[in-house]
């Protein structure tokens, strides 16, 4: 390394600043993907969100070939340390979303890479862990002036509902990503519907539930990509749910996971969207919740034009567009950035942050 600063997650932006002219690429990259054993997951719905992880990881190969970078593919399991020591990569592309079926255990992957002092892409330990708790994300964003809907954490089926919350309300599993159990029944118009959905979620998943006011209106996906500096890229989702008898339009689980990408495009269309105020919010939120390299925010706008951040994903779905509905890649393509360029910048930035 060509710097005298101790290399730690909180110092890497300074290292990158001092090393701003570096355009070095790694010679060998370990592509780490999710171990997708069915027995790790409570439900089929959770398993379907990771099924095919190795196949998707291998879709990166043509792009690494174009960059003349050697690769190896490693499963994010208990053999990872042994395999990393054997392969001796210059850095790792971390695609792991969950370990043994638990999202928060995904933080063991950056923890392992930190111990072995291997540069890696994506969030560090703290940022990954924070992203696995929706309530903490809402609380942090709210405390720092980022608008979120009014919300409450429900820890049992008999929890008292905050009387300041206004219906309709939406219920979400507090520790799940990938739209798991985000369905039409998730929106409650009254307490009877809320209690029914709450009992279902807590009894099935045995985890807390975040309830928040549902914001009817426009929906956006906002992405931050960090290279020499942080840039925000926002797309508006034009959502039209099939057979929708309510006025609520949102990305539900069945739309995201129940169809192939061609069918998905029948119900969700994208347009570029630019607002300096929203970009400022997004970049501030990226820093608040300790994201690194890239991340995604889901945002709603009400009828008065007010923004509300409704979700955050530190290591959002990152994949080539071939056979994939990676919104990050879709957004970048809409802004004129090819996947090869995106990947190259990500690798260069990681090497720069680690002082190479």
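Residue numbers (my numbering): 9 to 364. Cβ coordinates follow ideal geometry from the N, Cα and C atoms, glycine included. Given the structure is predicted, the values throughout are model-derived calculations rather than measurements.
Inside the stretch 32-107 only - beta strand (DSSP E) runs reaching at least 3 residues: 36-41, 78-83 and 99-102
Identify the continuous alpha helix (DSSP H) that holds residue 262 and give its terminal residues. 261-265
Do you know offhand how far residue 78's Cα is from residue 346's? 21 Å
If you drop the 5 nearest sequence neighbours on each side, which residues of the same chain put their C-beta closer than 8 Å to that of residue 59? 44
Please state the DSSP three-state secondary structure of residue 10. Note that residue 10 has pLDDT 48, beneath the 50 cutoff, so the model's placement of it is unreliable and the number below is only indicative. Note: residue 10 maps to coil in three-state DSSP.
Have a look at the DSSP bridge pairing and note the partners of residue 226. 309
Under the three-state reduction of DSSP, which class applies to residue 249: helix, strand or coil? coil
Could you check if residue 137 is buried or exposed, using at least 16 other CB atoms within 10 Å of its CB as the buried criterion? buried
Suppose the cutoff is 8 Å on Cβ atoms and the five residues either side in sequence are ignored; what does the same chain contact list for residue 223 look like? 157, 308, 309, 310, 316 and 318
Quick one: using the 10 Å Cβ neighbour count with 16 as the cut-off for buried, is residue 180 buried or exposed? buried
What first and last residue would you give for the beta strand (DSSP E) that runs through residue 159? 159-162
Please classify residue 123 as buried or exposed, where buried requires at least 16 neighbouring CB atoms within 10 angstroms. exposed
For residue 220, the residue or residues it bridges with in DSSP: 159 and 178
Taking all protein chains shown into account, decide if residue 10 is buried (16 or more other Cβ within 10 angstroms of its Cβ) or exposed. Any reading at residue 10 needs caution, since the residue's pLDDT is 48, under 50, leaving its predicted position unreliable; the model's value is listed next. Its Cβ having fewer than 16 others within 10 Å, residue 10 is exposed.
Residue environment, residue 298, which counts as buried when at least 16 other CB atoms sit within 10 Å: buried
Cutoff 7 Å; reference residue 351; Cβ partners in own chain excluding five residues on either side: 71
Less than 8 Å between the C-beta atoms of residue 103 and residue 65, yes or no? yes
Would you check if the distance between the CB atom of residue 117 and the CB atom of residue 39 is smaller than 8 Å? no
I'd like the span of the alpha helix (DSSP H) that includes residue 357, first residue to last. 347-361
Would you kindly work out how many angstroms separate the C-alpha atoms of residue 282 and residue 242, rounded to a whole number? 6 Å
Here's a check: name, in chain order, each residue in its chain whose Cβ is nearer than 6 Å to the Cβ of residue 279, leaving out the five neighbours to either side. 244
Tell me which same chain residues have a C-beta within less than 6 Å of the C-beta of residue 133, skipping the five on either side of it? 115, 118 and 119
Between the CA atoms of residue 189 and residue 144 - distance to the nearest angstrom: 20 Å
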